[in-house]
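All remarks here apply to the structure that follows.
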Amino acid sequence: MARPRGTDGSLLTSLPWTVAALFVAFAPHVPYVPVWITGAFVGCAGWRFVVEKQRRSLPSPWVRAGLALVCFLGVLATYSSISGVGPGSALLAIMAALKLLETRRRRDQFVLLFLSVFLVMSSLLREQFLWSLPYMIAGMLVIMTAWLRMSAGESQSTRQSFATGARLLAYAAPLAIAMWVFFPRISTPFWAVPIDTSQATTGISGTMSPGDISALSLSDAVAFRVSFDGDVPEARDRYFRGLVLTRFNGRTWTMSEPSISRFAREQIETRGEPVDYEVTLEPTRQRWVFALDMPSYWSLSGTFMGPQQQLARNAPIDQRTAYNVTSYTDFRVGRELSDLYRNWYSHLPESSNPRTAALARGLRDEAGSDRAFVDAVLDMLHEQEFYYTLEPPPLGNNPVDRFLFDTRRGFCEHYASAFSVMMRSVGIPARVVLGYQGGTINPLGGHLIVRQSDAHAWTEVWIDGIGWHRIDPTAAVAPERVEFGAADAAFDGIGETWGFAAPSRWAYQVTLAWDMLNTRWNEWILGYGPETQSSFMRWLGMHEPTWRKMLLTLVTLVIALIMAISLLLVLRYRQPKKDQAARLYARFVRKTGVEPRTGETARVFALRARESGAIPAATIEEITQAYMDARYGGSDAAQQNLQSAVSAMR
Amino acid sequence: MQRTNTLEPVPADGNARRAVVDEARKSLATIILGKDEQISLALACLLARGHLLIEDLPGLGKTMLAQALARVLGLSFSRVQFTSDLLPADIIGVSVFRQESGEFEFQPGPVFAQLILADEVNRATPKAQSALLEAMEEHQVSVDGKTRELPSPFFVIATQNPGDQIGTFPLPESQLDRFLMRIAIGYPDEESERELIAGDDRREMLRDIRAIASPDMLVSLQAVVREVPVTDALVSYIQALVRHTRESADIEIGLSPRGAQALVAAARAHAFVENHSGVFPDDVQAVFAAVAGHRLKPAGGTRFRNPAELCQHVIDRVAIP
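Written out as structure tokens, the structure is:
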């Protein structure tokens, strides 16, 4: 099989567009795929372009097969899997790039452009940002233009192709919107998108060791946004409860095993006015659901309150999730605590952090009561020289001892841990709560932005007669952290170890505006789930929206839209009005039962019509002649002949 | 040569007109065997007042067709063999100083004939080519500052060898456009070839051939051709064809408005030759390859081996409105 492998430069005009479309489609994947894939992608495109430019030969099938195998194994080695979003899109991208190396005809370019469409859409499986939609539209426009460039040849200018592509997308837009609005959303999706397991979980994890939260604190990624129905509560009340750590091994705090605390449900008493709000949680790939202390109602399905009042969903939060919560900021919890749990919550490992234990016992003896002891410890943290810093020195074994007596520099987790250990040392039940505290209010949207840097750890101690009582030892050291939020605390000079200056005013404004846009986007577009959809359907006047009704509406609407668009196209590309002769002839053509071919003249058609035998040959001859004389000779007599001959036909 | 204003009576009756054209066709068919389509096209080309380019290999009867046309239509004939050293003066003519009269006297060149056969036009240099092509366009030549009218009717039949032969200067696209039609002759079929080999010498036969029309009759026939009706429906078809050549991905350069005019003119002449009541789509299709073939530039890398295939492809794609 000696097929010529050389290129003739004929693709030189359309190839840059195809390559551009591929690049546009690949760009959103670049931050997620390994660098070598991007390199290979650019390399293949460059190689192919040089080959076309210099009329060289494309690589032989063996070389291509070898490259494909190498890339396949490369993906397999990088991800140790070929299924899932990460390896899947990496494989798609690399194979599209390799496909360029065997693109010699337009058909291959079609395949490539089709791949581009798939590639650009698959980036939605990773992230759905605000800019994703405009980017996707722009990407589709480039792909459409490339498509038209390829099929239009020289005669069409790039601007025309672009305009045609835009028009085609505009025709498709109403269909897309109808699908989006009416396609029934159900709580459990029909299909499950395999989650990119190569990505680490974000946010708070289930354990707390020294250094965990300070790593988070440097990230200004948004954890969640909160829109309050009424006023936003004061910063000191904005403790978003996440998970509760009850076990301490001398170094690390962990959660209690469910079997141990299953029956430990604690009594909750709420007082005062409830706070209603909506939380839009960014995907964490974990099960924790954050709510303002103390939630009494939450709209998220499959979510339950744990024994220590932490909310958790039965499935990880893999996509941006919105839920409504009602909370009471004034509450009492666990007024009664059995001896078993009293012991459980004040357990410490043997002979860990001995200096801390000794200090605590000394202070307890001085104080006389548990309450006085708590105040004494807070005073100690406040008055002695403790420093709030995001870059604390490393702590070895017995980290609480090292922290309290030697380094004295730390972050919320150090204080919470030290405080809890001191409480437990004298038998006061104590636990650590992880969550978020504070957040910044976006004045443009009126909502609260809670970032990863707002991650916080505080403690709860159980005091007889009161129950579990929240104590934030960080507030004793750096009240600004609690009053103004983590970022402001750092800028106030307490976190002087941070190596950057405060951003300028306008940059801050732009950030806020962008965040507001994002919030609206999340609320209205991405948050368009089952509940929003059904309330929107009710608003449209649909009684008791079911997925059947919605699907029916969708199908009807799609058919109507397609018909409307077709009508538009028909009007646009309407054939010139047929004259009388043409109409008469068309009747004759239908009568023959022979399908006329494109570009076939009446004379040639007559020959075929005669073969079919539906109409006598003489009639065919007569009609054909009369038609041509009438229509192209402009003869009125022929027109009448045609009229009578066609009428006589039946 | 003077332009004549008196038209020879052209039979008003369709059948009589038919007789002239049919006789001419029949007569030509005795010389050029088995090439009825090419004869029709060549006649149509002359009736549409266009110039004809015949492109084919040597020895297929290009010259014979030209000479036969001249004889049958009763036109004065001259032949210029184009060579690489041909000068414009060899075509147009020169002014010679006459001792006896003391004046320059113009010696007309071969271009001053009613039918000129420019043989192997692509063998000459562009300079000589353009001298002829200018005359074709202007129907007049300028020598020594004096403009001289060319005879009427005035036809050029140029022959050229396929461009890939050695020692050729291919005509540029702008000059190809001056020819209304470009046709190929092709090998004769088996029966015709037998007749050519065994039969009488065609050259002898050519000498005996009788003129069927006169130049004046030809001019009046040309006037009648221009009256062949073209309806709106046909104009739409021509437009659709032209638009397709401009928008098709297979074609890099489509038909210009001048190309569209040429298509209508040639189709009119064809309709006349075929005795149609008006220009039918069949006429347009019959002349399309001859008229459009040398005016279209196929896009690179397309699957068409020759212009005729490309033209047929266009015809098959465009619906007749």
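Sequence lines, in order, name chains C and B. When the first sequence is numbered by this note's numbering, its final residue is 650 and no position is left out of the sequence of numbers. When the second sequence is numbered by this note's numbering, its final residue is 1321 and no position is left out of the sequence of numbers. Virtual Cβ for every residue (Gly too), placed ideally from N, Cα, C.
Query	Result
Range of the contiguous beta strand (DSSP E) that encloses Lys1146/B	Lys1146 to Glu1149
Residues near Leu1117/B by beta carbon distance below 6 Å, same chain, minus five either side	Ala1066, Arg1079 and Ile1157
Listed by chain order, chain C residues near Leu1324/B by CB distance under 9 Å	Residue 1324/B lies beyond the stretch modelled for chain B, which goes from 1001 to 1321, so this question has no answer here.
Beta-bridge partners of Thr270/C, as assigned by DSSP	Phe331/C
Residue environment, Phe405/C, which counts as buried when at least 16 other CB atoms sit within 10 Å	exposed
Below-8 Å beta-carbon distance, Leu1285/B vs any chain C residue	Note that residue 1285/B is Gln in the sequence shown here, rather than Leu. Closer than 8 Å to some Cβ of chain C, the Cβ of Gln1285/B qualifies, so yes.
Per-residue DSSP class, three states only, for Asn442/C	strand
Val275/C classed as buried or exposed, judged by whether at least 16 other C-beta atoms fall within 10 angstroms	buried
Chain-ordered chain B contacts of Arg603/C [CB-CB under 7 Å]	Asp1282
DSSP state of Ile1183/B mapped onto helix, strand, coil	strand
Cβ shell of Leu1046/B (< 6 Å), same chain only, five flanking positions each side left out	Phe1155
9 Å Cβ cut-off: residues of chain C touching Asp1316/B	Arg597, Thr598, Gly599 and Glu600
Beta bridge counterpart(s) of Tyr436/C as assigned by DSSP	Phe240/C and Ala455/C
Length of the line joining the Cα atoms of Leu1073/B and Ser1214/B	6 Å
Proximity test, Cβ basis, 8 Å: Ser1277/B and chain C	yes
Contact set between Ala1044/B and chain C, taken where Cβ atoms lie within less than 9 Å	What Ala1044/B touches in chain C: nothing, since even the nearest Cβ is about 17 Å away.
Where the stretch 86-114 of chain C meets chain B: residues whose CB sits under 7 Å from a CB there	none
Distance between beta carbons of Arg241/C and Asp293/C, contact taken as under 8 Å	5 Å
Three-state secondary structure (DSSP) of Trp514/C	helix
Proximity of Ala173/C and Leu554/C at Cβ, strictly below 8 Å	no
Pair within 8 Å by beta-carbon distance, Val325/C and Pro295/C	yes
Lys1062/B, buried or exposed, once every other Cβ within 10 Å from all chains shown has been counted against 16	buried
Cβ pair Pro1153/B, Gln1261/B closer than 8 Å	no
Selection of the stretch 223-250 of chain C by Cβ proximity to chain B, strictly under 9 Å	none
CB contact check: Met121/C to chain B, cutoff 8 Å	no
Simplified DSSP state of Met121/C, which is helix, strand or coil	helix
Cutoff 8 Å: Pro1229/B Cβ touching any chain D Cβ	Protein chains in the displayed structure are C and B, and chain D is not among them.
Ala90/C vs Leu112/C beta-carbon contact at 8 Å	no
DSSP state of Arg1243/B mapped onto helix, strand, coil	helix
Euclidean distance between Cα positions of Ala1070/B and Tyr1187/B	22 Å
Environment of Glu1204/B [buried if 16+ CB atoms lie within 10 Å]	exposed
Rounded C-alpha distance that separates Asp515/C from Pro28/C	21 Å
Local Cβ density within 10 Å of Ser301/C, reported as buried at 16 or more and exposed below that	exposed
His447/C, DSSP secondary structure in three states	strand
Burial state of Asn397/C (16 or more Cβ within 10 Å)	exposed
Short-range partners of chain C found in the stretch 1248-1274 of chain B, where Cβ spacing is below 9 Å	Ser1248, Ala1249, Asp1250, Ile1251, Glu1252, Ile1253, Gly1254 and Ala1271
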